[in-house]
Every structure is written in C-alpha cells, then in structure tokens.
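K.L.:
For the numbering used here, add 495 to where a residue sits in the sequence shown, where the first one is 1.
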Amino acid sequence: MFGAALPVALAYADLLVGPGVERGLIGPAETERIWPRHLLNCAVVAELVPQSCRLADLGSGAGLPGLVLAMMRPQAQVILVEPMARRTSFLLECVSSLGLGNVEVRRGRAEEYAGQIEADIVTARAVAELRRLAVLAAGLARPGGVVLAMKGQSAEQELIGARPVLDRLGATEAKVVEVGGEAVGLEGGAATVVRFRVGTSRAARRRHGGSSLNK
Ligand SMILES: C[S@@+](CC[C@H](N)C(=O)[O-])C[C@H]1O[C@@H](n2cnc3c(N)ncnc32)[C@H](O)[C@@H]1O
C-alpha cells in the first residue's frame, strides 16, 4: 500500500504511538489499531488524489490524513490547517523528523483561511458534520476543486442532509465513494469518502452568503 513511502510511514507510526500518545493526541487504546484504523484508512484515499496537486487537509489533528497523503504523494504541495497549538507543534515536529519537504503547517481555523489557499483537493477526517464541513472545505478549495470528506457509515445520511448546502455552494458530482476494498488489513474493509466538486460559479458561491465565499 505505501510503496516507497513505507519507511516514512513506519517512522510516522512510531511518532503517533510514542509522543502522539504521551501528549494526548492519540488515545492509548488506538496504539494497537494505528495501522488498520488510521494509517491504512488514510493511505487508501491516495487513489483519489492526483500525483501532483495542491492539497489542504482541514483539521489535521495529529496529521491524519494530511501527513499520510503527503508521504504518498511527494509531488503534491500539502497544507495542514489546524487551530490547536499543541497539535500544530506535533505536526511541525513530524514534518521535520520525517523530512517531508512538501508540507506546510498553518495554525488557525479553516474559516480564517477561507479564500486564501485555493487548493485543488481539500481533505478532512472526523472534523464536523458534512453540512458544516462542506462550507469550511469549500472556503479552502479553488473554484472547481474537489473535497474528500472521510466519513464512516453515516456518509449517505450526511450527504442527504447536506444536499441543500451543497446546492447553495454550486457543488456538483457529490457522491459517496468506497476506496481501499482490496487493501489487506484495513479496518472496516474499505474507507468511505464523500466526494464533491466545489462550484465554479461566483454567483452560486455568492448566493451562499458566506463572506469568505464571496471573494
Ligand atoms: C476529531 S479531530 C480529527 C483529527 C484528524 N483529522 C484525525 O482524523 O485524526 C478534529 C480536528 O479538527 C480540528 N478542527 C475543528 N474545527 C476546525 C476548524 N473550524 N478549522 C480547522 N480545524 C478544525 C480540531 O482542532 C481537531 O484537531
């Protein structure tokens, strides 16, 4: 699954189960599931990410999925957006220790960066319900950019609930995608992602009413 990125992934796993747990960024119970539930779960999403792109990971926490995608897509430029200082410190240490020259860490809430990042791809895992997340993610994407919201079994229901918001954003191609069905050892057998394309129409973005989306 990780290919050439495996040594970096192994080093990252050590950071997560060591300092990550010590500093309360990862629950101690997650140590045994760090590969199937976290690293593999994020790695399989790489199949939805082009080799070369600008990617923003909204609410990176301890770096999931942003750091995993950065190691698997070394030609991509990856921006990790995370408001909590304790987490951004850990992220910066990981970036330095893993030698990930394609990663930038920005401390702050997604709302603060709306209209400033213009990513081709915005990822998010376990950050907010889709109808709220869609607005935050759209603010980080370029017009026509793609949002990949990693969700669990609630994906279909959340997508139904978010339809009015997605329509107001002018989003297209919204659907639930399963990835990694062939990956050995992945918890749950596959990762569930809500994928949609952010609208290109300025009018549709303006109609939504968010000031950041009016830019
Ligand atoms: C449950 S954690 C998930 C972290 C990581 N994505 C993962 O899957 O392990 C949610 C993260 O989203 C961040 N977050 C919450 N609201 C945010 C916002 N408005 N903008 C950016 N990050 C946010 C939190 O600080 C936290 O690190």
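Built from N, CA and C at the ideal position, the CB exists for glycine as well.
Cβ of G556 versus every heavy atom of ligand 1: is any distance shorter than 7 Å?
P.N.:
Yes - ligand 1 has a heavy atom lying nearer than 7 Å to the Cβ of G556.
K.L.:
Determine the direct distance from the alpha carbon of R518 to that of G675, and round the result to whole angstroms.
P.N.:
Going from the Cα of G675 to the Cα of R518 covers about 30 Å.
K.L.:
Restricting to Cα atoms, I'd like to know which of Y507, G656, R581, P531 is closest to R601.
P.N.:
Comparing Cα-Cα distances from R601 to each of Y507, G656, R581, P531, the minimum goes to R581.
K.L.:
What residue range is occupied by the uninterrupted alpha helix (DSSP H) comprising I616?
P.N.:
Taken as a continuous stretch (DSSP letters only), I616 belongs to no alpha helix (DSSP H), being part of the beta strand (DSSP E) at 614-620.
K.L.:
Do you know how far the Cα of R604 is from the Cα of T526?
P.N.:
Approximately 28 Å between the Cα atoms of the pair.
K.L.:
Where do the N-terminal and C-terminal ends of the beta strand (DSSP E) with E673 fall, by residue?
P.N.:
Element bounds for E673: 667-674.
K.L.:
Suppose the cutoff is 7 Å on Cβ atoms and the five residues either side in sequence are ignored; what does the same chain contact list for R626 look like?
P.N.:
Answer for R626: G656, A657, V660, listed in chain order.
K.L.:
Please name the residue or residues paired with T687 in a DSSP beta bridge.
P.N.:
According to DSSP, which records beta bridges pairwise, T687 is partnered with K646, E673.
K.L.:
Could you give the residue range of the beta strand (DSSP E) that holds V540?
P.N.:
V540 -> no beta strand (DSSP E), and no H or E assigned at all.
K.L.:
Among residues of its own chain, excluding the 5 on either side of A633, which ones have a beta-carbon nearer than 6 Å to its beta-carbon?
P.N.:
The answer, listed in chain order, is L664, V693.
K.L.:
Quick check: I616 and L586, are their CB atoms within less than 8 Å of each other?
P.N.:
Against a cut-off of 8 Å, the Cβ pair of L586 and I616 comes out as no contact.
K.L.:
Do the CB positions of A565 and N536 come within less than 8 Å of each other?
P.N.:
No. Outside cutoff.
K.L.:
Assuming V461 contacts A650 (C-beta within less than 8 Å), just tell me the rounded distance between them.
P.N.:
What is shown of the chain runs 496 to 710, which leaves residue 461 out entirely.
K.L.:
Going straight from the alpha carbon of T583 to that of A500, what length do you get?
P.N.:
Straight-line Cα distance between these residues: approximately 22 Å.
K.L.:
Buried or exposed, going by whether 16 or more other CB atoms sit within 10 Å of the CB of L511?
P.N.:
So L511 counts as buried.
K.L.:
Going by C-alpha to C-alpha distance, which of P560, V539, A629, L505 sits closest to A669?
P.N.:
Ranking the options by Cα distance to A669, first place goes to A629.
K.L.:
Hey, out of F691, R532, A506, whose CA is closest to T618's CA?
P.N.:
Checked all of F691, R532, A506; the closest Cα to T618 is F691.
K.L.:
How many Å lie between A504 and I529 at the Cα?
P.N.:
Those two C-alpha atoms are separated by around 11 Å.
K.L.:
To the nearest angstrom, report how far apart A506 and L562 are at their CA atoms.
P.N.:
So the alpha carbons of these two residues sit roughly 12 Å apart.
K.L.:
Select from A614, A508, M496 the residue whose C-alpha is nearest the C-alpha of V539.
P.N.:
The shortest Cα separation from V539 among A614, A508, M496 belongs to M496.
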